[in-house]
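One structure is given here, and the rest of the page talks about it.
In my numbering, the protein residues as written are 278 to 363.
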């Protein structure tokens with residue numbers, strides 16, 4: 278099965294998720310968060326850099342728990358659509 282290409286909006290959402298995780302991680306190392314969450318360092322790195330734009334739900338849940346974040350904190354709002362030029 279071939280996955281469809283991600284839309285620009287999906288890629289942007291993945292970058293926002295990565296930025297939110299990096300911010301929440303603070304001074305903790307990737308290794309520390311990876312160990313606490315059960316997510317590999319490489320997967321965490323890819324999510325934080327936006328290379329995995331649509332991580333699995335349970336991966337996000339594990340990271341949120343390890344970072345003591347409510348899931349709502351990672352359910353970032355979508356940017357407002359651009360107004361049509363009129």
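Idealized CB from N, CA, C, for every residue including glycine.
Nearest CA to the CA of residue 344: which residue from 316, 330 and 332? Stepping through the chain shown from its first residue, residue 344 is reached at position 67. The residue with the shortest Cα to Cα distance from residue 344 is 316.
In chain order, what residues of the same chain lie with their CB nearer than 8 Å to the CB of residue 350, ignoring the 5 residues before and after it? Locating residue 350 in the chain shown gives position 73, counting from the first residue. Excluding residues within five positions, the ones whose Cβ falls inside 8 Å are 297, 301 and 341.
**Asked** Do the CB positions of residue 365 and residue 339 come within less than 7 Å of each other?
**Response** With the chain covering 278 to 363 only, the question about residue 365 has no answer from this structure.
Helix, strand or coil for residue 283? Go by DSSP, reduced to three states.
To locate residue 283, count along the chain shown from 1; it is residue 6. The answer is coil: DSSP assigns residue 283 none of H, G, I, E or B.
_Within a Cβ cutoff of 8 Å, which residues of the same chain sit near residue 287, ignoring the five residues on either side of it in sequence?_
The count along the chain shown starts at 1 and reaches residue 287 at position 10. Excluding residues within five positions, the ones whose Cβ falls inside 8 Å are 330 and 331.
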